[in-house]
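Colleague: Residue numbers (this note's numbering), protein chains in the order written: chain A, 107 to 611; chain B, 5 to 164.
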Amino acid sequence: MILEQFPFLVHSAPALIIVIPLMFALLTPVIGLIRREWTFPWMLLALLLATLFSVTALQDVMRNGVIHYRMGNWEPPWGIEYVVDHLNGLMLVLISATALLVAVYGKKSVEQELPGKEVYFRCIFLLQVTGFLGIVITGDAFNLYVFLEIASLAGYALIAIGEDGAPFASFRYIIMGTIGACFYLLAIGYLYIVTGSLNMADLARLLPPLYGSKVVLTAFAFFMVGIAIKMALFPLHVWLPDAYTKAPSAVSALVAPLMTKVSVYVMIRILFGVFAPSFSISVVPAMKILLVAGIVAIFTGAILALAQKDFKRMLCYIIVAEVGYMVGGVGLANTTALRGAVLHIANDVVMTAGLFAVAGIINYKMREHRLDDFKDMFKRMPFTMAAFATIALSIIGVPPTGGFFSKWYLLQGALQEGSWIFVAALLFSSLVNVVLFFRIFEIGYGFHGDHGHSAGGDGGEAVAIREAPLSMLVPLMIAAATIVLLGFYNQALIGKIIQYAVPVL
Amino acid sequence: MIYRGEDIIIRTISRMLIPFIQLYGLYVIMHGHYSPGGGFQGGVILGASLILLLLAYGYQDAKSRVPEKLLTVFSGVGVFIYAGTGFLCLVLLGNFLDYAMLAKILHTDAAHARSLGILSVEIGVGMAVMAVMVSIFLDISTGGVLPGEEEEKQKTAEEA
C-alpha cells in the first residue's frame, strides 16, 4: 500500500481509524450549511480514509503482530489502549468497507426517503460507523461501553427517521438496548471493584485467582445478558424485527449486518480476551448455555422467517437465526467451530448487507418491500436479481459461495463435539432458507398465480428492463462478487488471519 | 410552542441577570482544568442563560440572539475543537490526545502544555454543550418546527 512509505501514519493508524470518521462527522453539519451536496463526497472521503487505514492496520498486524496504541501516551492500564490483533483487524476492514459501500448505495434511497434530511443523516451515519469501529478496536472495557453507546444512540436516531411506526420501533429498541448497555456497564463496575482495572489485557491477568468470587460470576452473567440483548439472541431479539424493518433502506443495510456482528465480536472478546477460555468452559457452564441458546435461536429464527410476508421482516428473522449460528459455533467450544463462527461473521456481514441492499432497491422502485413486490423482478431488474440470487445461494449454503464454507466448518465442529442437535439445527435452517428464497425466485419469475393469463395476454409479454440506478447496483454487485470470492479464498482467510484470531481450544 | 412573555418583572429581571449568568458560565469554563467546574458545567450555565432569554421573551423576539444556524455550527465546531486538539498532537508527531506534544508550538514545558490542552478541550465542550442544550430546548418546545419556518415550508410547498 501507498501508506507504507509513511511509518508515522502506519503507527497512528489505530487512532486515525476512529478519529477520521468522528471529526468528519462533527464537521458534516457545518459543511451542510455551506453546500448541502458537498456532504456526500465529504462522507465518502471519511469512509474511504477509514477503510484505507483499516486495511493498513490489518496488514501491519499480519506482518508485525499485534499493535498496541496508547491514547495520550498514557501507559496502560491507566491510559486507554487501542489494540489491533487478527480478530479485530478483520472486523475493522469488514466494517469500514461495508460502510463505504452502503454510503455509495444509500445516496439515491436517502434522497428519495428522507428529502431535506440528508445532511444530518450523513452526520449520524458517520457517528454510527465511528461507534462500530471504536467498539471493535478498543482494548479497554469501559471505552468499549462508550463506543457501544455511541453506536446505539446513532442507531436509535437512524432507525427512528424511517417509515411509519419507526419511532415506536426505535423506542422499543431504546428501552431494550439501554437495559443491555446498563448490564454491560454494571458488569464492568463489578470487575472494577474486585480488580481495580478496566484494561482488557490487565483484567485477563488479574482475574484468574478471583474466578471463584461471586462478584466475578455476577459480572460475567451481566456481560453475557447485556451483550445478548445487543446481538438480538433469541429470546432477547424482540426489538430487532420491527426496528430493522422500519428503518430507512440505507440504515437497515448498514446497521442490520453490523450491529449484531459487532456484538458477537464483543462476546468473543469477553469470553476469550477478558476471561480465560477455561473459565467459560469449566468454571461456569457458559459454553453449554450458549450452545443451547444458539440452537434455539436457529430453530425459532428459521420458523418465524417462514411466517413473514414482508421481505425485510423475513431478513430480520434470518438474522436472528444467523446470530444463532455464530453463538452456537462459539458455544461448541472447539477450534474448528470457533474458526467457522468467525468466518461466518465475515460472510454474514457481506450477505446481510447485500440482502438488505436488495430490499432497499425493491423499496426504491416499488415504495414497499413485501414479498409480492418481487413479481417479474427477474425480467425488470436482471442484474439486481442475479446478485440477489448469488447472495441467497450463499445464505442457503451452496458450495462455491462463502456461506457454504463457514457452515461446513461449523458442521465439522459440531460433529467433533458430537452435538447432533446443532447439526440438525444447521441443516434445518438451510432447508428453510431454500424454501424462503426459492419462494421469492418463484414470485420473481412470475411462475405462480395468473396461470390462465389475463385476456389478450400471450404469456411472454415483454416487461421493460428498468434496472436500479448504477450507484445502487454497483455496491450490490460488489457484495455478491465478494461473497463468491470469500468462498474461493476461505482457505487463505482462515490460514492467514482467522487461525491467529481465535484461541486454540 | 414558546409564546412571547408578557410579565414585565420576569423580563426585566432576566435582562439584568443574563449577562452575569453568562459571565459566571465563562468563569466556570476557564477554571475547569485545574479546579472544580469545567466545560460541561460552564456550558450548561451558558445554555441555561439562553433558555431563560427564550422563556422570558419568546422565540420570535429572541431569535436574533439565538440563531439556529449558529447553534448547529457551535455544536459541530465545539466537539471538533475537542477532537481537533487531540488531532493536533497527532499532527505534531505524537500520539492522539498526547497534549504534552503541544509544548512544541506553545513554547512552554510539557506540564503547562497538558494544562492548556485540557483548557482548549473544555472550551470546545462548553460550546457544544451550550448549543446542544438550546437546540434540544427549541426542538422540544416547538415540536421540531420553529415559528416562521412553518410559513417558509408552506411557501416552498406551494411553489412546488
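The beta-carbon is built from N, C-alpha and C at its ideal position, and this holds for glycine as well.
1. Kindly indicate if chain B contains any beta-carbon less than 8 Å away from that of Met168 of chain A.
2. In the DSSP output, what is His174 of chain A paired with across the bridge?
3. Go ahead and label Gly524 of chain A buried or exposed: buried means 16 or more other beta carbons lie within 10 angstroms of its beta carbon, across all protein chains shown.
4. Along chain A, which residues have their Cβ under 8 Å away from the Cβ of Leu94 of chain B?
5. Pick from A:Ala275, A:Pro315, A:Tyr606: whose alpha carbon is nearest that of Arg169 of chain A?
6. Starting from the beta carbon of Leu521 of chain A, find every residue of chain B whose beta carbon is closer than 8 Å, and list them in chain order.
7. At what residues does the alpha helix (DSSP H) containing Gln522 of chain A begin and finish?
8. Using 8 Å as the cut-off, can you tell me whether the stretch 317 to 327 of chain A makes contact with the stretch 235 to 252 of chain A, which would need three or more C-beta pairs spanning the two stretches below that distance?
9. Return helix, strand or coil for Thr112 of chain B, following the three-state DSSP convention.
10. Across which residues does DSSP place Thr588 of chain A in a beta bridge pair?
11. Does the Cβ of Met20 of chain B have 16 or more other Cβ atoms within 10 Å, making it buried, or fewer, making it exposed?
12. How big is the Cα-Cα spacing for Val451 of chain A and Leu516 of chain A?
13. Just how far apart, CA to CA, sit Asp11 of chain B and Phe141 of chain B?
14. Starting from Lys336 of chain A, follow the alpha helix (DSSP H) in both directions and report where the run begins and ends.
15. Buried or exposed for Asp270 of chain A, going by 16 or more other Cβ atoms inside 10 Å?
16. Quick one: using the 10 Å Cβ neighbour count with 16 as the cut-off for buried, is Tyr290 of chain A buried or exposed?
17. DSSP on Asp454 of chain A, reduced to helix/strand/coil?
18. Nearest-angstrom Cα distance between Leu532 of chain A and Phe543 of chain A?
19. Since Val361 of chain A and Leu259 of chain A are thought to touch, with beta carbons under 8 Å apart, how far apart are those beta carbons, to the nearest angstrom?
20. Any idea what DSSP makes of Arg486 of chain A, helix, strand or coil?
21. Between the C-alpha atoms of Met468 of chain A and Phe480 of chain A, what's the straight-line distance to the nearest angstrom?
22. Determine, using beta carbons only, whether Met129 of chain A comes closer than 8 Å to chain B.
23. Since Val608 of chain A and Val448 of chain A should fall inside the 8 Å C-beta cutoff, what is the C-beta to C-beta distance between them, to a whole number of angstroms?
24. Distance cutoff 8 Å, beta carbons only. Does Ala87 of chain B sit that close to anything in chain A?
25. Have a look at A:Ile374, A:Ser355, A:Leu206, A:Thr441 and flag the residue whose alpha-carbon is nearest the alpha-carbon of Val235 of chain A.
26. Write down the C-beta distance between Ile571 of chain A and Arg486 of chain A rounded to the nearest angstrom, noting that I regard them as a contact closer than 8 Å.
27. Quick check on Arg142 of chain A: does DSSP put it in helix, strand or coil?
28. Evaluate Asp102 of chain B with the Cβ neighbour count: other Cβ atoms within 10 Å of its Cβ, from every protein chain shown; 16 or more gives buried, anything less gives exposed.
29. How far does the alpha helix (DSSP H) with Met432 of chain A in it reach, from first residue to last?
30. Would DSSP call Arg15 of chain B helix, strand or coil?
31. Are the C-beta atoms of Leu133 of chain A and some chain B residue less than 8 Å apart?
32. Quick check on this structure: which residue in A:Ile126, A:Ser535, A:Val389, A:Ser384 has the alpha carbon closest to the alpha carbon of Met149 of chain A?
33. How would you call Gly593 of chain A, buried or exposed, if buried means at least 16 neighbouring beta carbons within 10 angstroms?
Modeller: This is what the structure gives:
1. no
2. A:Val189
3. exposed
4. Ser118, Ala121, Leu122, Val125
5. A:Tyr606
6. Ordered by position in chain B, no residue passes the 8 Å Cβ test against Leu521 of chain A, which lies about 47 Å from the chain.
7. 508 to 523
8. no
9. coil
10. Answer by DSSP bridge pairing: none, since Thr588 of chain A is not bridged.
11. exposed
12. First, the residue type needs correcting, since residue 451 of chain A is Ile and not Val in the sequence shown. Rounded to whole angstroms, Ile451 of chain A to Leu516 of chain A spans 12 Å at the Cα level.
13. 21 Å
14. 320 to 336
15. exposed
16. buried
17. helix
18. 16 Å
19. About 12 Å separates the two Cβ atoms, so there is no contact after all.
20. helix
21. In the sequence as presented, Met is not what sits at residue 468 of chain A; that position holds Ile. Straight-line Cα distance between these residues: approximately 8 Å.
22. yes
23. 6 Å
24. yes
25. A:Leu206
26. 6 Å
27. helix
28. buried
29. 417 to 437
30. helix
31. yes
32. A:Ile126
33. buried
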